[in-house]
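Going by the numbering used here, the final residue of the sequence shown carries number 153, and the count climbs one at a time with no gaps. Right, one structure below, let's go through it.
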Amino acid sequence: MKTSFTNKDFSELYQKYGPMVLRRCRAILKDEEKALDAMQDVFLRLFEKQDKIKNACASLFYVAATRVCLNKIKADKLRSGPDFETISKIMADDFSDIEREKIEAAAIIEKIFERRDRKDSLIATLHFVDGFTLEETAEQIGMSVSGVRKRIRELQKYSLEITGGLA
């Protein structure tokens, strides 16, 4: 089924889902300018792929925003690379144990996802960060509940292997 949006349709979608997409982008990126860019990317991608979209709904925009933001984070990290000097300086400074644990956890998470399928990071974000149930996560991703459950188990096993049981 081919769908073609008129300018009016597209404007209505932007009015209806724009605020939700922007909130999602802000929550993930923690940067207003990057969030605004990501929101524009979401709508641009929707417009470019309009012939493949059967119906535009909130979950489509939510998942698209999450994917665009995760891709932006990944691209930024690839361009800039890890700043080991800053990390080591922060670790050497007199930070609380909680702050140190957060930095270590972020480094572990980055290592876990650097060689995993993009869908794994999306599943983990939806399920563990956003608190979606397995059923909700499966619906958002377009997978079966057993498929999501299997990916989470594999990801947990991989995390234990890569961290030596620390994760």
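Cβ atoms here follow ideal geometry from the backbone N, Cα and C, with glycine treated the same way.
| Check | Outcome |
| --- | --- |
| Simplified DSSP state of residue 128, which is helix, strand or coil | coil |
| Simplified DSSP assignment, three categories, for residue 111 | helix |
| Rounded Cβ spacing between residue 125 and residue 45 (contact assumed at less than 8 Å) | 7 Å |
| Contacting residues, own chain, Cβ-Cβ under 7 Å from residue -12 (five flanking each side not counted) | Per-residue confidence for residue -12 stands at a pLDDT of 45, beneath the threshold of 50, marking its modelled position as unreliable; the derived number appears in the next sentence. Cβ within range, chain order: 37. |
| Pairwise C-alpha distance: residue -2 and residue 131 | 33 Å |
| Distance between beta carbons of residue 58 and residue 24, contact taken as under 8 Å | 6 Å |
| Distance CB(residue 137)-CB(residue 116) smaller than 7 Å | no |
| Residue 28 versus residue 50 - alpha carbon distance | 6 Å |
| CB of residue 21 within 7 Å of CB of residue 31, strictly | no |
| Closest residue to residue 143 among 128, 47, 43, 99 (Cα-Cα distance) | 99 |
| Assigned secondary structure, residue 118 (DSSP; H/G/I helix, E/B strand, else coil) | coil |
| Coarse secondary structure for residue 53, derived from DSSP in three states | helix |
| Rounded C-alpha distance that separates residue 129 from residue 119 | 13 Å |
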